[in-house]
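Quick notes on the structure that follows.
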Amino acid sequence: MTAPWGCATADRSWLLILLSAVGLTAFYYVTRLDAIGVFSATRGWTTMARGALTAWEHFAASALLLGLMPALVARFALRVRPADLGLGLGKIKIGAGLLAVGVPIAVVAGALAAATPAMRAVYPLDPVAARANFAAYASLEFLYYGAWEVLFRGVLLFGLRSRLGDGT
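Residues 13 to 180 (my numbering) are what the sequence shown spells out, left to right.
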């Protein structure tokens, strides 16, 4: 018996690709902070997707659809260890060194970018985020971007390593 894309039945790596596609599609069309629209010369603008969510709902949806669900499918359907998805402490000394160098560079880059009109038009993702709520907002941003990392670097890149080889 053959599963989609010619994979043997025992090889369930196609589940990761399918789940990722479904999760990303749902995330894009259902859990937006804004509205997607199409324009017609005769009818004007029409909303194409569901109405916009609050920032908190959007961040929670990203954590669920892009992080938690793919990681759980990889863990239980494919029996991939979380450490094999990059969800572990890793090499602590090397990581701490990279963090010590990377954080100051990221702060400087962020400060420079924050002054540009293009960045201010998009970020922060929650336009009502106030400096007084920085810790709460930063925690939600961590969940948001962490979920993207789990999906693309963890589940897809590392999760498909056995199927695609170490070159991935």
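Note that CB positions come from ideal geometry on N, CA and C, so glycine has one too.
{"Query": "W57 - partner residues in DSSP beta bridges", "Result": "F51"}
{"Query": "Check whether T37 and G49 have beta carbons under 7 Å apart", "Result": "no"}
{"Query": "Any 3 or more C-beta pairs closer than 8 Å across the segment 63-77 and the segment 137-151", "Result": "yes"}
{"Query": "Assigned secondary structure, A64 (DSSP; H/G/I helix, E/B strand, else coil)", "Result": "coil"}
{"Query": "Cβ separation of L31 and V85, assumed to be a contact under 8 Å, to the nearest whole Å", "Result": "5 Å"}
{"Query": "Contact belief for V162 with G79 at Cβ below 8 Å, rounded distance in angstroms", "Result": "4 Å"}
{"Query": "C-alpha gap between Y149 and G98, whole angstroms", "Result": "25 Å"}
{"Query": "6 Å CB neighbourhood of A141 in its chain, flanking five on each side removed", "Result": "Y149"}
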